[in-house]
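Okay, so the sequence shown: first residue is 793 according to my numbering, each after it adds one.
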Amino acid sequence: MSENESGHPSDLMNKLVSLSKRRGFIFQSSEIYGGVGSVYDYGPLGIELKNKIQQHWWREMVYRHDNIVGVDAGILMNPEVWVASGHVGAFSDPLVECTNCHRRFRADELADIEAGNADEQQCPSCGTRGNWTEPRQFDLMFKTFMGVVQDDKATVYLRPETAQGIFVNFKNVQDSARQKVPFGIAQVGKAFRNEITPGNFIFRTREFEQMEMQYFVKPGSEDEHFEAWMERRMDWVKSLGIREDRLRLHEHGPDELAHYCKRAFDIEYRFPFGWQEFEGIHNRTDYDLGNHQEHSGKKLEYFDPASQERYVPYVVETSAGLSRTLLVVLADAYDEEELENETRIVLRLSPKLAPIQAAVFPLVKKDGMPEISEKLAADLRGQFNVQHDVAGSIGKRYRRQDEAGTPFCLTIDGETLENGSVTVRDRDTLAQERVSLDSVAAYLADAIHKA
């Protein structure tokens, strides 16, 4: 298996696209009509994996902290929100077009154009040099209209980020949840960006989900909280089973910082297409609450009863892309090995994330084995996501489950009929052991808990 410098198979992205469709992780949206650019649907296994990542994140961010609560803000918001946040005036990318093939690109991702040498820039699509339009700003927000009249007064936007739904609810949450600074508000939700050059499968898409937590702190204490959250977030990513040598922290230089940021770090993964960010930790200062206070005319200050102080809190943000995190998990789990003169494709997903936690097979379709396997699967379903599979040879069933990332396969065989035990096969080691039927649930629970 040839590999590139990242340690991944050289054609990993193509392999992931193929596997995702074959096993029901991810499909091209509206595929029967030719698809729609950079929008994807999650199939039976994909939605399970996505939900488990999200649930794992929510447990870590909300349930394990008594000072972090959640919200679910609307996708459509008063358009003044986006004026106050700076998106209406500044949320755009520089766009250039190749006059030969008419493909469009972000100017800041073309090195020669960014350096002022447009005549030297080669088109990534057609290969010609120097055939470029002047850069112009391209609005990244999707617009629509609310109500029956389609005019400027009825314009609303599909939110380009989820953070603003947290900021505009700061006082509502703080008052109703009786939280004291420092405290956090978490949210998982959809966002939309009309990207110029989306791509690399689900890495950059026009419709995506974010997992964000805004942590409100007293001005002057933000550096301490920033460092603590940066460490916690990296630890959480590692807890997903991601290999440490494919992870790194990247600090934003002065020319990289967003207009609302005082300090920012990205957690990056070494994809086959290079180091790329999938989560960010940002010191947003009081930019957002301050702007919303000014534009809305509503006080967004916090009153500290202990010190009798009033202040607009600073914000330490942790913002992860849910679909990007899922792609990290898939890319890191994908493996191929030669086994019995054939290539075994296996997703080495952490058992706590695996869409199917156990598959139950009868060795053969006779001697009462299917009935025993059906009952075992039914008994386990109350606690685990279990698949009962009787189609094809036992070898083919194992291979299907390996590609799905199923950590444990349970086979009902002749010995089951004799002593009531089942064969448990481990996906990664291929080791098999006998476990009594009445102990299988405890066995699986222990193995998943230890993962």
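All residues carry an ideal CB built from backbone N, CA and C; glycine is no exception.
Asked                                                                                                                                                                                   : Found
Anyone know if the C-beta pair for residue 1104 and residue 1075 falls short of 8 angstroms?                                                                                            : no
Just to confirm, are residue 1194 and residue 1138 a CB contact at a threshold of 8 angstroms?                                                                                          : yes
Considering residue 1228, what are the terminal residues of the beta strand (DSSP E) in which it resides?                                                                               : 1224-1228
Which of the three DSSP states, helix, strand or coil, is assigned to residue 1183?                                                                                                     : coil
Closest to residue 989 by C-alpha separation, out of 1070, 916, 822 and 853, would be which residue?                                                                                    : 916
Can you list, in chain order, the residues of its chain with a C-beta nearer than 6 angstroms to that of residue 1024? Leave out the 5 residues immediately preceding and following it. : none
Thinking just about the alpha-carbon of each residue, which of 1010, 1029, 1040 and 1129 is nearest to the one in residue 1099?                                                         : 1010
Pick helix, strand or coil for residue 1087, following the three-state DSSP scheme.                                                                                                     : helix
Where does the unbroken beta strand (DSSP E) through residue 819 begin, and where does it stop?                                                                                         : 818-820
For a quick check, are the C-beta atoms of residue 977 and residue 873 less than 8 angstroms apart?                                                                                     : no
Please return the same chain residues whose Cβ sits closer than 6 angstroms to the Cβ of residue 1078, not counting the five positions on each side in sequence.                        : 1104 and 1106
Does the separation of the CB atoms of residue 1147 and residue 837 fall below 8 angstroms?                                                                                             : yes
Exposed or buried, which one is residue 800 when buried takes at least 16 other CB atoms within 10 Å?                                                                                   : buried
Ignoring anything shorter than 3 residues, give me the beta strand (DSSP E) runs that lie fully in the region 908-934, in order along the chain.                                        : 928-931
Where does residue 918 land, buried or exposed, given buried means 16+ other C-beta within 10 angstroms?                                                                                : exposed
Which word fits residue 1000, buried or exposed, when buried means at least 16 other C-beta atoms lie within 10 angstroms of its C-beta?                                                : buried
Cα-Cα, which of 1180, 1133, 1149 and 1136 is closest to residue 1155?                                                                                                                   : 1180
Considering only the beta carbon of each residue, do residue 979 and residue 864 sit closer than 8 angstroms?                                                                           : yes
When you compare the CB positions of residue 924 and residue 893, do they come within less than 8 angstroms of one another, or not?                                                     : no
Residues in the same chain with beta-carbon distance under 6 angstroms from residue 832, minus the five sequence neighbours each way, listed in chain order, please.                    : 818, 821 and 994
Using DSSP bridges, identify the partner residues of residue 834.                                                                                                                       : 818
From residue 803 to residue 1206, what does the alpha carbon distance come to, in whole angstroms?                                                                                      : 42 angstroms
Determine the direct distance from the alpha carbon of residue 961 to that of residue 992, and round the result to whole angstroms.                                                     : 35 angstroms
Provide the residue span of the beta strand (DSSP E) that contains residue 1154, from first to last.                                                                                    : 1150-1154
Looking at the structure shown, is residue 1013 part of a helix, part of a strand, or coil, going by DSSP?                                                                              : coil
So is residue 824 buried or exposed if we call it buried at 16+ other beta carbons inside 10 Å?                                                                                         : exposed
So, for residue 857: in the same chain, excluding its five sequence neighbours on each side, which residues have a beta-carbon less than 8 angstroms away from its beta-carbon?         : 976
Return the chain-ordered list of same chain residues with a C-beta closer than 6 angstroms to the C-beta of residue 1135, the five sequence neighbours on each side being excluded.     : 1128
The alpha helix (DSSP H) with residue 1235 in it runs from where to where?                                                                                                              : 1232-1242
By DSSP, does residue 1221 sit in helix, in strand, or in coil?                                                                                                                         : coil
In the DSSP assignment, find the unbroken beta strand (DSSP E) run with residue 1075 in it and report its ends.                                                                         : 1066-1077
Just how far apart, CA to CA, sit residue 842 and residue 936?                                                                                                                          : 28 angstroms
When you compare the CB positions of residue 982 and residue 867, do they come within less than 8 angstroms of one another, or not?                                                     : yes
Quick test of your reading: residue 1165 and residue 1176, contact by CB under 8 angstroms. State the CB separation rounded to the nearest angstrom.                                    : Not really, about 15 angstroms apart at Cβ, beyond 8 angstroms.
Just checking my contact of residue 1072 with residue 1111 at CB under 8 angstroms: how many whole Å lie between their CB atoms?                                                        : 5 angstroms
Curious, which full-length beta strand (DSSP E) runs of at least 3 residues does the region 1166-1211 contain?                                                                          : 1178-1180 and 1200-1204
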